[in-house]
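> Protein chains in written order, with full-length UniProt numbering: chain U, 1 to 211; chain L, 1 to 211; chain R, 1 to 211.
This is the structure I have questions about; it appears just below.
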Amino acid sequence: MRTLVLILDLCGTFAFALSGAMAGVRRRLDIFGILVLSFAAATSGGIARDLLIGAAPPAALQDWRYLAVSLAAGLLCFFWSSLIERLRNPVRMLDSLGLALFAVAGAEKALVFGLSPVMAALLGMLTGIGGGVARDVLLAEIPTVLRSDFYAVAALVGAAVVVGGNMLHFPIVATALAGGLACFCLRMTAIRRGWQLPLARESREHPFSEK
Amino acid sequence: MRTLVLILDLCGTFAFALSGAMAGVRRRLDIFGILVLSFAAATSGGIARDLLIGAAPPAALQDWRYLAVSLAAGLLCFFWSSLIERLRNPVRMLDSLGLALFAVAGAEKALVFGLSPVMAALLGMLTGIGGGVARDVLLAEIPTVLRSDFYAVAALVGAAVVVGGNMLHFPIVATALAGGLACFCLRMTAIRRGWQLPLARESREHPFSEK
Amino acid sequence: MRTLVLILDLCGTFAFALSGAMAGVRRRLDIFGILVLSFAAATSGGIARDLLIGAAPPAALQDWRYLAVSLAAGLLCFFWSSLIERLRNPVRMLDSLGLALFAVAGAEKALVFGLSPVMAALLGMLTGIGGGVARDVLLAEIPTVLRSDFYAVAALVGAAVVVGGNMLHFPIVATALAGGLACFCLRMTAIRRGWQLPLARESREHPFSEK
C-alpha cells in the first residue's frame, strides 16, 4: 500500500516536472533553467503547503527521490523535447493523475496538522496547482490556472471529498480513493469536453485605479 | 473593542479583496482566477508576515471569516464589476482604511513575536503592501507599489508610530489609533494632492549587465 | 575570523543590493521601489533558505546591518546610478564574491539544520541565486539566472565543495575557503570566457498544451 502511494506520488511528480521542463524548453532556457523549472513545477505546491502548515523543512527537501525524478524529467525534455510533445495525451493523463494525487495527499496532510476542514480542502487544491503557478510566475506569465479551464476546480473537488470523508469518519483509504477518482475523472472529462469556467463580462468603463 | 477591531480588519480585507478581484476582472480571468486573486490580495501580506515571524499556520488560514469576506468581494466584482468601478471613491477610502489597519496590526504582531523595532515596522509595512504585491506578481506585472505613489510610505509611517509608541511604553490602544490615523490621513492626502516619490534620473549610459 | 566573515558577508549583501537597485533604476521605479529591490535582491536567497529549513525569523530580519547595507546600496544607486554603471567591473567582482559567500554560508547553515547533503548543496545554491530570482520576479521578468550563464552552476559547485568537505570531516574553515574559492574562480572565469550552458534545440512542433 505504502509502496503503491509512493509510486503514484512519484508519477505525479514526474508529470508535473515534465510540464515545467517543457515550458522551459519553449522559452529557450538553458539546461539549468529547465531543471529548475522541473523541480519548481513538481514541488512548489507541496512546499507552499508545508510552509503554510508549519512543516519545515518541506517533504520535497527531505526525500531525494522527488529531486531525482524531477531532474530525470527535466533531462528527458532537454534531450527529447519533440518526443514529449508527440506524447501529449499520455502526458496529460499522467498530469491529471498527479493533480489527483497531490490534491488528496495535500488535504490529508493539512488535516493531520490540525487545519480546519475548509482550509484543508484549500491547501489540498494549493498542493495540486501550486507547481503550475510557480512555473508560470518564474516565466513571468499569468498562471494559466487562473485563466481558464477546470484544473483547480477538479483539485478542489478531490480535496473536498477527502475532507468530507474525514469529517464523517469514513476509512481513510476509501476517501482518498474516492477523492482521487473524483478529481481525475472531472479533469479528464473537462479536457475531453472542453469545459471552461465563466469569464467576467467585459466592462466598458474606464479602468479603476489600482493600488 | 475586540469586536470593533475584527470588524475593521474584515473591512480592510474586503477592500483589498476588491482590488484583487477588479484586477482579475480587467485581465479577463475566469471566476476561479478572480476568487484566487481576491484571497491573495487580501491575505498575502499577513501570510508573508506570519511565515517570516514563524507563526505558521498563518492567521488567514485559521479564521474562516477572512476567506468568506474575500470570496464575497470576489463574487461581487465578478457579477457587478461596473458597479464597483463607479464606486471608486468609497472603495479607495476603504482601501486606505485597510492599509492603516493592516500596517498597525502587522507591526504589533511582529513586536509580540520579539522582532526588533526596525524590523517590526518593516513587517507592518509588508503586511499592508504584501497583498498588492502578490496580486501584481500573479498578474505578471511590476507591483504598482514599487512604481509610484505614497502607498508604502504611509504604511511604514503608521507601523513606525506603533513601534515608537511601544518603545516609549505608551498604552497600546493609543499608539494603535495614532498609527492607524497617521497612515490613513497620509494616504488620503497623498491621493488628493497627487503626491509622488522621486524617480531616479534617467541614465543615458548603456545598460549595466545584470546578474 | 568572525569579523572577517561578517565583513565579507556584508560585502556580498552590498553587491547584491547594488544589482537590485540598478535593475530598479533602469525600470524607472521610485525611490521606495528601488530600496525594496535592493533589500529583496540582497536578502531573498537567505530568507528563502531560512524559511525552508525552518529557521524563522530569518537572519536577514534579525540583524539590522543587512538592512542598513542594502539601503545604503540602494541610495547610492538612486543618486549616482551613472557612477555605478561605470564601475561595472569592480561591481561584478563584488557580486561574484557575494555569490561565493552566500553559497558557502547557505550550505553550512542547511547542514547545521540537519538537511541531507544533496539538499544542503541545493539550498546553498538557492541562497546564492535567490536574491536575483526575487529581483527579476518583482520586475515581471524571467529570472536571468534561468536563462543563460554560469551563475547558478558556480554557486552549486561552491556549495557542493562545502558539503563534500563536511561529509569527509575536513576542517570547516578549509572547506569553506575551498568552496568559496571554487565558486568565485568559476564565476570569474565564466565571465571572462563567456561560458554558457547549452540551450535546448529549437522544437519545430506546435506547442505542447500547458497545465
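We put the CB at the ideal spot given by N, CA and C, even for glycine.
Keep in mind that this is a model prediction, so the values were computed, not measured.
State the Cα-Cα distance for the pair Glu-210 of chain L and Val-137 of chain R, rounded to the nearest angstrom.
For this step, residue 210 of chain L is matched to residue 210 along the second sequence. For this step, residue 137 of chain R is matched to residue 137 along the third sequence. At Glu-210 of chain L the pLDDT is 41, less than 50, meaning the model places this residue with poor confidence; the figure from the coordinates comes in the next sentence. If I take the Cα positions, the gap works out to 14 Å.
> Where does Gly-194 of chain L land, buried or exposed, given buried means 16+ other C-beta within 10 angstroms?
Here residue 194 of chain L refers to the residue found at position 194 when the second sequence is read from its first residue. Looking at its Cβ environment, which holds fewer than 16 other Cβ atoms inside 10 Å, Gly-194 of chain L is exposed.
> For Met-119 of chain R, decide whether its Cβ has a neighbour in chain U, counting only Cβ atoms nearer than 7 Å.
To locate residue 119 of chain R, count along the third sequence from 1; it is residue 119. Yes - at least one Cβ of chain U is within 7 Å of the one on Met-119 of chain R.
> Run down chain U in chain order and give the residues with a C-beta less than 9 Å from the C-beta of Pro-90 of chain L.
In the second sequence, counting from the first residue as 1, residue 90 of chain L sits at position 90. Those do not exist, as Pro-90 of chain L stays about 12 Å from chain U at its closest Cβ, beyond 9 Å.
> Does the Cβ of Thr-43 of chain R have 16 or more other Cβ atoms within 10 Å, making it buried, or fewer, making it exposed?
Stepping through the third sequence from its first residue, residue 43 of chain R is reached at position 43. When all chains shown are included, Thr-43 of chain R counts as buried.
> Where Ile-47 of chain L and Leu-126 of chain L are concerned, what is the direct C-alpha to C-alpha distance, given to the nearest angstrom?
In the second sequence, residue 47 of chain L corresponds to position 47, counting from 1. In the second sequence, residue 126 of chain L corresponds to position 126, counting from 1. Looking at the two C-alpha atoms, the distance is approximately 10 Å.
> Since Gly-20 of chain U and Ala-41 of chain U should fall inside the 8 Å C-beta cutoff, what is the C-beta to C-beta distance between them, to a whole number of angstroms?
One-based indexing of the first sequence puts residue 20 of chain U at position 20. One-based indexing of the first sequence puts residue 41 of chain U at position 41. 3 Å between Cβ atoms; contact.
> Cα separation between Leu-67 of chain L and Leu-37 of chain L?
To locate residue 67 of chain L, count along the second sequence from 1; it is residue 67. To locate residue 37 of chain L, count along the second sequence from 1; it is residue 37. Rounded to the nearest angstrom, the two C-alpha atoms are 12 Å apart.
> Taking 7 Å as the CB-CB cut-off, is Pro-207 of chain U touching chain R?
Residue numbering aside, residue 207 of chain U sits at position 207 when the first sequence is read from its first letter. Bear in mind that a pLDDT of 44 at Pro-207 of chain U, under 50, signals an unreliable position, so the number given afterwards is only what the model happens to contain. No, Pro-207 of chain U lies away from the interface with chain R (no Cβ there is under 7 Å from its Cβ).
> DSSP three-state call for Asp-30 of chain R: helix, strand or coil?
In the third sequence, the residue the question calls residue 30 of chain R occupies position 30. Three-state result, Asp-30 of chain R: strand.
> Excluding sequence positions up to five away, which residues of its chain have a Cβ less than 7 Å from the Cβ of Leu-52 of chain U?
Along the first sequence, one-based indexing puts residue 52 of chain U at 52. Once the five neighbours on either side are set aside, the close Cβ partners of Leu-52 of chain U are Leu-123.
> Listing by chain order, which chain L residues have their CB less than 9 Å from the CB of Gln-196 of chain U?
Counting from one through the first sequence, the residue named residue 196 of chain U turns up at place 196. Those are Asp-30, listed as they occur along chain L.
> Going by DSSP, name the residue or residues bridged to Leu-199 of chain U.
In the first sequence, the residue the question calls residue 199 of chain U occupies position 199. Its beta-bridge partners are L:Asp-30.
> Which chain U residues sit within Cβ distance under 7 Å of Pro-143 of chain R?
Here the question's residue 143 of chain R lines up with position 143 in the third sequence. The contacting residues are Leu-138.
> Within 7 Å (strictly less), CB to CB, does Val-36 of chain R reach chain L?
The residue you call residue 36 of chain R lines up with position 36 of the third sequence. It does: the Cβ of Val-36 of chain R has a partner Cβ on chain L nearer than 7 Å.
> Straight-line CA distance for Phe-79 of chain L to Ala-155 of chain U?
Counted from its first residue, the second sequence places residue 79 of chain L at position 79. Counted from its first residue, the first sequence places residue 155 of chain U at position 155. Answer to the nearest angstrom: the Cα atoms are 24 Å apart.
> Could you tell me whether the stretch 168-188 of chain R touches the stretch 9-27 of chain U, using the rule of 3 or more Cβ pairs below 8 Å?
No, because fewer than three Cβ pairs between the stretch 168-188 of chain R and the stretch 9-27 of chain U fall closer than 8 Å, the two stretches do not touch.
> Report yes if the C-beta distance between Ala-110 of chain R and Ala-100 of chain R is below 7 Å; otherwise report no.
As a working mapping, residue 110 of chain R is identified with position 110 in the third sequence. As a working mapping, residue 100 of chain R is identified with position 100 in the third sequence. Not in contact: Ala-110 of chain R and Ala-100 of chain R (Cβ atoms no closer than 7 Å).
> Which residues in the same chain have their Cβ closer than 7 Å to the Cβ of Leu-139 of chain U, if we skip the five residues on either side of it in sequence?
Within the first sequence, the letter at position 139 stands for residue 139 of chain U. Here the set comprises Ala-23, Arg-27.
> Taking CB distances under 7 Å as the criterion, tell me whether Glu-210 of chain R reaches chain L.
As a working mapping, residue 210 of chain R is identified with position 210 in the third sequence. For Glu-210 of chain R, the pLDDT reaches just 41, beneath the cut-off of 50, and the residue's location in the model is therefore unreliable, although a value from the coordinates is still provided. Output row for Glu-210 of chain R: interface = no.
> Where does the unbroken alpha helix (DSSP H) through Asp-136 of chain U begin, and where does it stop?
Translated into the one-based positions of the first sequence, residue 136 of chain U becomes position 136. Residues 117-138.
> Which complete alpha helix (DSSP H) runs does the stretch 151-205 of chain U hold, if anything under 4 residues is left out?
You should have 151-167, 172-193.
> Which residue wins for smallest C-alpha separation from Phe-39 of chain R, given the options R:Ala-134, R:Val-145, R:Gln-196?
For the purposes of this step, residue 39 of chain R is taken as the residue at position 39 of the third sequence. Minimum Cα distance to Phe-39 of chain R is reached at R:Ala-134.
> Put residue 212 of chain U into one of helix, strand or coil per three-state DSSP.
Since the first and last residues shown for chain U are 1 and 211, residue 212 of chain U lies out of range.
> Just to check my reading of the structure: Gly-45 of chain U and Gly-130 of chain U have Cβ atoms closer than 8 Å, yes? What is that Cβ distance to the nearest angstrom?
For this step, residue 45 of chain U is matched to residue 45 along the first sequence. For this step, residue 130 of chain U is matched to residue 130 along the first sequence. About 3 Å; that satisfies the 8 Å criterion.
> When we look at the beta-carbon of Arg-192 of chain U and count the other beta-carbons within 10 Å, is it buried (16 or more) or exposed?
The count along the first sequence starts at 1 and reaches residue 192 of chain U at position 192. It is exposed - the Cβ of Arg-192 of chain U has fewer than 16 other Cβ atoms within 10 Å.
> Run through DSSP, which three-state label would Pro-143 of chain R get?
If you number the third sequence from 1, residue 143 of chain R lands on position 143. It is coil, neither helix nor strand.
> Here's a check: name, in chain order, each residue in its chain whose Cβ is nearer than 8 Å to the Cβ of Thr-175 of chain U, leaving out the five neighbours to either side.
In the first sequence, counting from the first residue as 1, residue 175 of chain U sits at position 175. Here the set comprises Val-161, Val-162, Gly-164, Gly-165, Asn-166.
> By alpha-carbon positions, which one of L:Gln-196, L:Leu-61, L:Leu-97 ends up nearest to Leu-146 of chain L?
Translated into positions along the second sequence, residue 146 of chain L becomes position 146. Answer by Cα proximity: L:Gln-196.
> Would you mind sorting Val-157 of chain U into buried or exposed? The rule is 16 or more other CB atoms within 10 Å of its CB.
One-based indexing of the first sequence puts residue 157 of chain U at position 157. With 16 or more other Cβ atoms within 10 Å, it is buried.
> With a threshold of 7 Å between beta carbons, is Ile-53 of chain U in contact with chain L?
For the purposes of this step, residue 53 of chain U is taken as residue 53 along the first sequence, with counting starting at 1. At least one chain L Cβ lies under 7 Å of Ile-53 of chain U.
> Let me know if Gly-114 of chain U comes out buried or exposed under the rule of 16 or more other beta-carbons within 10 Å of its beta-carbon.
In the first sequence, residue 114 of chain U corresponds to position 114, counting from 1. Result: exposed.
> Please classify Ile-172 of chain R as buried or exposed, where buried requires at least 16 other C-beta atoms within 10 Å of its C-beta.
The sequence position of residue 172 of chain R within the third sequence is 172, counting from 1. So Ile-172 of chain R counts as exposed.
> What is the C-beta distance between Val-112 of chain R and Ala-159 of chain R, in whole angstroms, given that I count them as a contact (C-beta under 8 Å)?
Locating residue 112 of chain R in the third sequence gives position 112, where the first residue counts as 1. Locating residue 159 of chain R in the third sequence gives position 159, where the first residue counts as 1. So it is not a contact: roughly 14 Å between Cβ atoms.
> Among R:Gly-74, R:Arg-65, R:Val-69, which residue has its Cα nearest to the Cα of Ile-34 of chain R?
The residue you call residue 34 of chain R lines up with position 34 of the third sequence. Closest option to Ile-34 of chain R, Cα to Cα, is R:Gly-74.
> Given a threshold of 16 other Cβ atoms within 10 Å of its Cβ, counted over all protein chains shown, does Thr-189 of chain L qualify as buried or as exposed?
Along the second sequence, one-based indexing puts residue 189 of chain L at 189. Exposed is the call here.
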